[in-house]
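Visitor: Residue numbers 6 to 664, in my numbering, belong to the letters of the sequence shown in order.
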Amino acid sequence: MTEHEARQKIDKLKKVITEYRYEYHVNDTSTMSESTADSLKHELSELEEQFPSLITPDSPTQRVAGVALDKFEKMQHSQRMLSLNDVFSIEEIKKWLSRIAKLDARVNETKLFVDLKLDGLACALRYENGHLAVALTRGDGLTGEVVTQNARTIDSIPLHISDDDPLEIRGEIVIHKDDFERLNKEREKAGEELFKNPRNLAAGTMRQLDAKLVAARPLTFYAYELAGSDLDNSAQYKKLRDLGFKTGSMATTLDMSEMGSFLHNWEEKRSQLPYQTDGAVIKLDSRSLMNNLGVVGKAPRGAVAYKYPAEETTTVLKDIVISIGRTGAATPVAVFDPVQVAGTTVQHASLHNADEIERKDIRIGDTVIIFKAGDIIPQVKSVFKDLRPDGTRRFNYEAELERQYPELEFVRPEGEAVYRVKGVTGPILLKRGLQHFASKGALDIDGMGEKNVEALVDAELVKDFADIYTLTIEQLMSLERFAELSATNLVNAIADKKKVSLARFIYGLGIRHVGTQTAIDLANTFKKLDNLGVATYEELKAVDGVGEIVAESILGWFVDDDNQALLAKFRKLGVWPEDVKHTGGKLSGKSFVITGTLESMSRDEAADKIRALGGTFQTSVAKGTTYLVMGAKAGNSKAEKARKLGTEVIDEAQLLQLL
Ligand code: IVH
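#1: Kindly indicate the opening and closing residues of the alpha helix (DSSP H) around D526.
#2: Is P305 near the ligand IVH, in the sense that its beta carbon is under 7 Å from a heavy atom of that ligand?
#3: Could you check what DSSP says for T153 in three-state terms: helix, strand or coil?
#4: Would you grab the beta carbon distance between G619 and G590 for me? Rounded to a whole angstrom, and I think it's under 8 Å.
#5: Using the Cβ count rule (16 or more neighbours within 10 Å means buried), how would you classify G233?
#6: At 4 residues or longer, and completely inside the region 531-574: list those alpha helix (DSSP H) runs for me, N to C.
#7: Just to confirm before moving on: does the CB-CB distance between V458 and K427 stay below 8 Å?
#8: Would you mind giving the Cβ-Cβ distance between D584 and K502, rounded to the nearest angstrom? I have them listed as a contact below 8 Å.
#9: Is it buried or exposed, K288, if we count other Cβ atoms within 10 angstroms and call 16 or more buried?
#10: My assumption, with CB atoms under 8 Å, is that I327 sits in contact with Q409. Please give the rounded CB distance.
#11: When DSSP builds the beta bridges, which residues end up paired with T477?
#12: Are I525 and R608 touching if we call contact CB-CB under 8 Å?
#13: Tell me, which residues are paired with A129 by DSSP?
#14: Hey, could you find the ends of the beta strand (DSSP E) M261 is sitting in?
#15: If the criterion is Cβ atoms closer than 8 Å, does the pair P305 and L87 meet it?
#16: Using C-beta distances below 6 Å, list every residue in its chain close to A500, excluding the 5 sequence neighbours before and after it, in chain order.
#17: So, A443 versus K574, is the Cβ gap smaller than 8 Å?
#18: Counting along the chain, where does the alpha helix (DSSP H) carrying M635 start and finish?
#19: Could you spell out the range, first to last residue, of the alpha helix (DSSP H) harbouring V458?
#20: Taking the alpha helix (DSSP H) that Q659 falls in, what are its first and last residues?
#21: Near A447, which residues of its chain fall below 7 Å by C-beta distance, leaving aside the five closest residues on each side in sequence?
#22: Is it true that the CB of I374 sits closer than 8 Å to the CB of E317?
#23: Label A570 either buried or exposed according to how many other C-beta atoms from any shown protein chain fall within 10 Å of its C-beta, with 16 as the threshold for buried.
#24: Please list, in chain order, all residues of the same chain as D124 whose beta carbon is under 6 Å from its beta carbon, the five residues on each side excluded.
#25: Using 8 Å as the cut-off, can you tell me whether the region 625-641 makes contact with the region 592-602, which would need three or more C-beta pairs spanning the two stretches below that distance?
#26: Pairing CB atoms from the region 528-543 with CB atoms from the region 555-572, are three or more of them under 8 Å?
#27: How is I60 classed by DSSP in three states: helix, strand or coil?
#28: Quick check on T23: does DSSP put it in helix, strand or coil?
#29: Could you spell out where the beta strand (DSSP E) holding V671 opens and where it closes?
#30: Hey, how far is the Cα of R292 from the Cα of E48?
#31: Between E4 and the ligand IVH, is there a pair consisting of the residue's CB and a ligand heavy atom that are separated by less than 7 Å?
#32: From the DSSP output, in three-state form, read off E39 for me.
#33: Does the ligand IVH have even one heavy atom less than 7 Å from the beta-carbon of S88?
#34: Around the Cβ of R222, are there at least 16 other Cβ atoms within 10 angstroms (buried) or fewer (exposed)?
#35: Is the region 214-228 touching the region 151-169, taking contact as three or more C-beta pairs under 8 Å?
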């Protein structure tokens, strides 16, 4: 991304996030889900990290959200009420720790203090001479609204404490889930508008001018900090409890090694908790260390907020590829950079059909919301039109079909939303595919020529490529074409090819536009079939000879559900290509052309050996060809061309030496 593009995106993100935060913190309503907002904030801070010169003081990453409302008296906080930076995985927690360990090596020795993150309204309570004197909302972090009267109605906020020193206790005001439901039921009966979620209710309630109304709503205060105290965080919690405050009962000190199970455990059990939690707050237990590390932007360096995996998130749409399934149906698929949704990494989502793209007006370059339908299949929920970059165009499905599959013709049957390959039905595609799968350059299975493949498919003994590995001699003998010997031979020939080279296997899959050489390059680059399956558009395009169309076609193949099912079936049957172990073989960077016939091996065998050593095999001499191998009865034209282009001419013996 250029700086100019980044600036445009940052401006748009700032606007959308600021609007969201205003609605959320000031009006107690929501314009989008919290995880979506988190994801946009994450994108903004990553862009700002990449282009620090574009950070402005008004960025949501630099400011605490919210403003103090006019209807309340305002007061300055004793010290700024900070916010926390978000992390979304154990890896990010580790990165945070190693980042701050570089600033202060004591980080490596300290314990961590973690508490669940409550989803409510932050509040500061000031006690003077043991009496609750002032309660302040967070406001913009510097100035808050005075809500002392309201706070006094909350049972879990002691009006008196047994400490006469001036103390400030900070914490979160929440409403328990069962109270929330009860209140909403009452509102429903009364025909009043329902509260969206417990947080909105807690926040909305604290901002009521009528303290009687607040008293009627059961709010709970959980303390998490003794402002300005030098006590370690675990000791602060103890003191808070001794003073009569509720603290999160799961709060504990632990090591990084215990963090994963703590977070995982509470993520699973969170529905059993009385309050809503959206993650955990992780602090260094040592307060002096936290103070020493200081603050950057609006957040302390010594603490982070871990957010549970989002049920929905945002990402930027990189491309729409069209995948052609087993039946010839052309399905559009959204491709984007990998994102975490509901705990798994996803990088593509089905768009179903052309109408869906049209209806949602989904364009390449758009920021989209991804969610998992039924928690399994990733889908595009909607598009953020406000974040759309300049100059995008509506997606023209028919033009795209033509661009991505120039050799095919498509039809859209009356009343159907799906385009299909014209004149091709499932069995025809399967026969063609299977013949290719078994062909010399691919798995090279003897006895799988056109006629046999036809017979197997027509008899429905084979419904996909993997089925050939389950064929039995008896099954084959039930067909007219086979006798015992030929059936045995075929079953053995198939069993022989359970393990083949990755390049042959990739080629055999029949991914459009992936020929032998591309398959080799893909195999050498990605080393394992699984790696190829999760390769991104950019990673694919970085491979020699892979351009946009080929990359799209590969993505299109792997996003197809039928193809995924096929791979799973292969794996189950123990049919799997070998990983590529060595790279940069001794012939890497060298290219070969063979003319005439070789005595010691066939041309295909020679090609295999050359490729296995990292070399490339070409069919004709071109600029840059390293060697021309002259076999027996070779004509002269290739040799002539080689001489012209400076290609070295060698004989079979020299080739054998190189091999
Ligand atoms: S400790 C520097 N502990 O989350 C602030 N905060 O995203 C340190 N929050 O502003 C705060 N539960 O309002 C802490 N157990 C908890 C919390 C918690 C919720 C809120 C708090 C804070 C925000 C940060």
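For glycine and all other residues, C-beta sits at the position ideal for the given N, C-alpha and C.
Guide: Short version:
#1: The residue labelled residue 526 in the question sits at position 521 within the sequence shown. T521 to F531 is the span of the alpha helix (DSSP H), which, as asked, contains D526.
#2: Taking the first residue of the sequence shown as position 1, residue 305 is located at position 300. Answer for P305: yes, Cβ within range of the ligand IVH.
#3: Residue numbering aside, residue 153 sits at position 148 when the sequence shown is read from its first letter. The answer is helix: DSSP assigns T153 an H, G or I state.
#4: Working through the sequence shown from its first residue, we reach residue 619 at position 614. Working through the sequence shown from its first residue, we reach residue 590 at position 585. That pair is a contact at about 3 Å.
#5: Taking the first residue of the sequence shown as 1, we reach residue 233 at position 228. Per the 10 Å Cβ criterion, exposed.
#6: Runs of the alpha helix (DSSP H) inside the region 531-574: 534-538, 542-546 and 553-563.
#7: As a working mapping, residue 458 is identified with position 453 in the sequence shown. As a working mapping, residue 427 is identified with position 422 in the sequence shown. Annotated as distal: V458 and K427, with beta-carbon spacing of 8 Å or more.
#8: What you label residue 584 is simply residue 579 of the sequence shown in a count that begins at 1. What you label residue 502 is simply residue 497 of the sequence shown in a count that begins at 1. D584 to K502, Cβ: 17 Å. No contact.
#9: The residue you call residue 288 lines up with position 283 of the sequence shown. Label assigned to K288: buried.
#10: Walking along the sequence shown from the start, residue 327 turns up at place 322. Walking along the sequence shown from the start, residue 409 turns up at place 404. So it is a contact: roughly 5 Å between Cβ atoms.
#11: Position 472 of the sequence shown holds residue 477. Its beta-bridge partners do not exist; DSSP assigns none.
#12: Here residue 525 refers to the residue found at position 520 of the sequence shown. Here residue 608 refers to the residue found at position 603 of the sequence shown. Cβ atoms of I525 and R608: not closer than 8 Å.
#13: Your numbering for residue 129 matches position 124 in the sequence shown. Per the DSSP secondary-structure output, A129 pairs in a beta bridge with L141 and R175.
#14: Taking the first residue of the sequence shown as position 1, residue 261 is located at position 256. Run containing M261: none in the beta strand (DSSP E); it sits in the alpha helix (DSSP H), M261 to K274.
#15: Sequence index remark: in the sequence shown, residue 305 carries index 300 (1-based). Sequence index remark: in the sequence shown, residue 87 carries index 82 (1-based). It is a contact, given that the beta carbons lie within the stated cut-off.
#16: Numbered from its first residue, the sequence shown carries residue 500 at position 495. There are no such residues.
#17: Counting from 1 along the sequence shown, the entry for residue 443 is found at position 438. Counting from 1 along the sequence shown, the entry for residue 574 is found at position 569. It is not a contact, given that the beta carbons lie outside the stated cut-off.
#18: Here residue 635 refers to the residue found at position 630 of the sequence shown. Run containing M635: none in the alpha helix (DSSP H); it sits in the beta strand (DSSP E), Y632 to M635.
#19: The residue labelled residue 458 in the question sits at position 453 within the sequence shown. Counting along the chain, the alpha helix (DSSP H) containing V458 begins and ends at E455 to D463.
#20: Counting from 1 along the sequence shown, the entry for residue 659 is found at position 654. Unbroken alpha helix (DSSP H) run through Q659: E657 to L663.
#21: Numbered from 1 along the sequence shown, position 442 holds the residue referred to as residue 447. Same-chain partners within the cutoff: H441, R509, Y512 and G513.
#22: Taking the sequence shown and counting its residues from 1, the one referred to as residue 317 is at position 312. Taking the sequence shown and counting its residues from 1, the one referred to as residue 374 is at position 369. Between E317 and I374, the C-beta gap is smaller than 8 Å, which places the two residues in contact.
#23: Residue mapping note: residue 570 aligns to position 565 of the sequence shown, counting from 1. With fewer than 16 other Cβ atoms within 10 Å, it is exposed.
#24: On the sequence shown, residue 124 is found 119 positions in, with the first residue counted as 1. Around D124: R204, Q281 and D283.
#25: Counting Cβ pairs under 8 Å, three or more are found: they touch.
#26: The region 528-543 is in contact with the region 555-572.
#27: Along the sequence shown, one-based indexing puts residue 60 at 55. In this structure, I60 counts as coil in the three-state DSSP scheme.
#28: The residue you call residue 23 lines up with position 18 of the sequence shown. In the three-state reduction of the DSSP assignment, T23 falls in the helix class, which pools H, G and I.
#29: There is simply no residue 671 to check, as the chain begins at 6 and stops at 664 in what is shown.
#30: By one-based count along the sequence shown, residue 292 stands at place 287. By one-based count along the sequence shown, residue 48 stands at place 43. Distance between the alpha carbons of R292 and E48: 30 Å.
#31: It is not possible to answer for residue 4, since the shown part of the chain is limited to 6 through 664.
#32: Counting from 1 along the sequence shown, the entry for residue 39 is found at position 34. Residue state for E39 is assigned as helix, using DSSP reduced to three classes.
#33: Counting from 1 along the sequence shown, the entry for residue 88 is found at position 83. S88 Cβ: within cutoff of the ligand IVH.
#34: The residue given as residue 222 occupies position 217 in the sequence shown. R222 should be labelled buried.
#35: Enough Cβ pairs lie closer than 8 Å, so yes.
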